[in-house]
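Colleague:
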Amino acid sequence: MAARQTWTVDRLHHALPHSASRQQLLADVNLTPIDELSAVLDRWVAAAEALQVAAPRIAAVRAQHTTASSGDTAVDHTADVLRDAGHRADRKPGRGAS
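Numbering-wise (the numbering used here), the sequence shown opens with residue 9 and increments by one.
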């Protein structure tokens, strides 16, 4: 198994594929109380690592659907990955990711 990479907030930010996720990461980092920040960042690391693991499958599915008919639609599972990693989109501003 490969060694776990060293994460920074900047690396997490770049690892997230959507601007809404990146904005949520920065909001969580800025609004979470210091004593809760480690747990919040651990959840974001888990989400980024899950997305990295899923990247080859996502690319393969996209490649299969490059010639999809106009009736086909792609499904974005980013929210599912973030949910599974413990991220809560419904958190109240100013409360961190608690």
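Glycine residues also receive a C-beta, built at the ideal position from the N, C-alpha and C atoms.
Between the region 38 to 49 and the region 57 to 65, are three or more C-beta pairs nearer than 8 Å?
Modeller: With a cut-off of 8 Å, the region 57 to 65 and the region 38 to 49 do not count as touching, because too few Cβ pairs lie within range.
Colleague: Can you tell me the Cα-Cα spacing of W52 and V69, whole angstroms?
Modeller: For the purposes of this step, residue 52 is taken as residue 44 along the sequence shown, with counting starting at 1. For the purposes of this step, residue 69 is taken as residue 61 along the sequence shown, with counting starting at 1. Rounded to the nearest angstrom, the two C-alpha atoms are 24 Å apart.
Colleague: So, with DSSP's three-state summary, where would you put T86?
Modeller: Working through the sequence shown from its first residue, we reach residue 86 at position 78. Three-state result, T86: helix.
Colleague: Between H21 and the rest of its own chain, which residues show a CB-CB distance below 8 Å, the 5 nearest in sequence each way excluded?
Modeller: Sequence index remark: in the sequence shown, residue 21 carries index 13 (1-based). Within the same chain, H21 has close Cβ partners R30, L33 and L34.
Colleague: Look at the alpha carbon of E44 and the alpha carbon of Q72, and state the distance between them as a whole number of angstroms.
Modeller: Residue 44 sits at position 36 when you count from the first residue of the sequence shown. Residue 72 sits at position 64 when you count from the first residue of the sequence shown. Taking the straight line joining both Cα atoms gives about 42 Å.
Colleague: What are the boundary residues of the alpha helix (DSSP H) that H21 is part of?
Modeller: For the purposes of this step, residue 21 is taken as the residue at position 13 of the sequence shown. Here the alpha helix (DSSP H) through H21 covers V17 to A23.
Colleague: Cα-Cα, which of V83, A58 and A67 is closest to R91?
Modeller: Start at 1 with the first residue of the sequence shown, and residue 91 comes out as number 83. The shortest C-alpha separation from R91 is found at A58.
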